[in-house]
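Before any comments, here is the structure.
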Amino acid sequence: MRASTTTKRQCLRQIVTGLLLCAATLSSWAAVQRLQILNAAGQPLSNAAVAVFVKGVSATTTGKTVDMGQRNKKFVPPLIVIQTGTAVNFPNFDTVRHHVYSFSPIKPFEIKLYSGRPAAPVVFDKPGTATLGCNIHDSMVGYIHVVDTPYFGITNEQGLLELDLPSGDHRVRIWHPSMTETNPGQEFRATVGNGPVTLQLRN
Ligand SMILES: [Cu+2]
Numbered sequence: 129m130r131a132s133t134t135t136k137r138q139c140l141r142q143i144v145t146g147l148l149l150c151a152a153t154l155s156s157w158a159a160v161q162r163l164q165i166l167n168a169a170g171q172p173l174s175n176a177a178v179a180v181f182v183k184g185v186s187a188t189t190t191g192k193t194v195d196m197g198q199r200n201k202k203f204v205p206p207l208i209v210i211q212t213g214t215a216v217n218f219p220n221f222d223t224v225r226h227h228v229y230s231f232s233p234i235k236p237f238e239i240k241l242y243s244g245r246p247a248a249p250v251v252f253d254k255p256g257t258a259t260l261g262c263n264i265h266d267s268m269v270g271y272i273h274v275v276d277t278p279y280f281g282i283t284n285e286q287g288l289l290e291l292d293l294p295s296g297d298h299r300v301r302i303w304h305p306s307m308t309e310t311n312p313g314q315e316f317r318a319t320v321g322n323g324p325v326t327l328q329l330r331n
């Protein structure tokens with residue numbers, strides 16, 4: 129009886145030690161990495177969609193929901209990057225009604241003239257880019273860039289982006305609204321983990 133309790137305790141201790149080791153390994157496995165994206169002229173490129181593909185990390189779809197609103201007759205933010213399977217809500221914060229649509233092959237849809245929050249979000253289940261417009265206000269344009277990876281973001285005014293990434297050689301894809309929606313973006317190989325990574329777009 130006593131021997132069995134001791135064995136159980138030892139066993140438990142081993143499990144706890146194992147979990148702690150596992151947690152320590154995981155925390156060193158992923159770390160905040162800084163990326164800077166430059167345009168072909170070597171200038172920092174803001175508002176660029178960056179997706180990092182890590183070998184062995186599956187692109188399982190997510191069940192997340194995010195917002196892309198309309199304010200002062202503009203889509204806010206004008207570009208969002210989402211993982212495949214994400215649902216997007218299009219809340220209208222203006223007093224005028226909007227009529228949001230997309231003719232893009234990855235997700236054609238329309239939400240007819242509405243105020244406030246539409247009844248249901250739109251699920252983006254294919255990778256690529258959808259261009260959004262409003263039937264009433266021709267100047268309104270927005271982009272939804274859908275990626276098959278959980279690692280993604282948008283560069284700031286300095287062309288910078290920080291992502292929690294494992295070290296290693298990864299495939300990086302960059303898309304920018306100055307490219308067409310059918311352009312999948314430019315691909316790079318980047319070694320992550322040895323300091324900031326700078327990637328410059330080719331012409
Ligand atoms: Cu509108």
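Going by this note's numbering, the sequence shown runs without a break in its numbering and finishes at 331. Just so you know, even glycine gets a beta-carbon here, dropped at the ideal spot from N, CA and C. In this text the structure is predicted, and so the values were computed from the model without any measurement.
For Phe221, the three-state secondary structure derived from DSSP is coil. In the structure shown, Thr319 falls within a strand segment according to DSSP collapsed to helix, strand and coil. One Cα belongs to Val251, the other to Lys183, and the distance between them is close to 26 Å.
In the three-state DSSP reduction, Ser186 falls in the coil class, being neither helix nor strand. Leaving aside the five residues that flank His298 on each side, the residues in its chain whose CB is nearer than 7 Å to its CB run, in chain order, Val180, Phe181, Val182, Ala318, Val320. The bridge partners DSSP lists for Pro294 are Ala158. Assigned with DSSP and collapsed to three states, Ile264 falls in coil, not helix or strand. If you ignore the 5 residues before and after Thr189, its C-beta comes within less than 6 Å of the C-beta of Thr212, Gly213, all in its own chain and listed in chain order.
Going down the chain, each residue whose beta-carbon is closer than 7 Å to a heavy atom of ligand 1 shows up: Gln198, Lys201, Val224, His226, His227, Cys262, Ile264, His265, Met268. Around the beta carbon of Ser230, 16 or more other beta carbons sit within 10 angstroms, so the residue counts as buried. Sequence-distant Cβ neighbours of Pro324 in its own chain, meaning closer than 6 Å and more than five residues away, are Arg162.
With distances taken between CA atoms, Val216 lies nearest to Asp253 out of His226, Thr223, Asp253. Using a Cβ-Cβ distance cut-off of 8 Å, the segment 260–275 and the segment 286–298 are not in contact, since fewer than three pairs of beta carbons, one from each stretch, lie closer than that value. Under DSSP, Ser230 shares a beta bridge with Phe237, Leu260.
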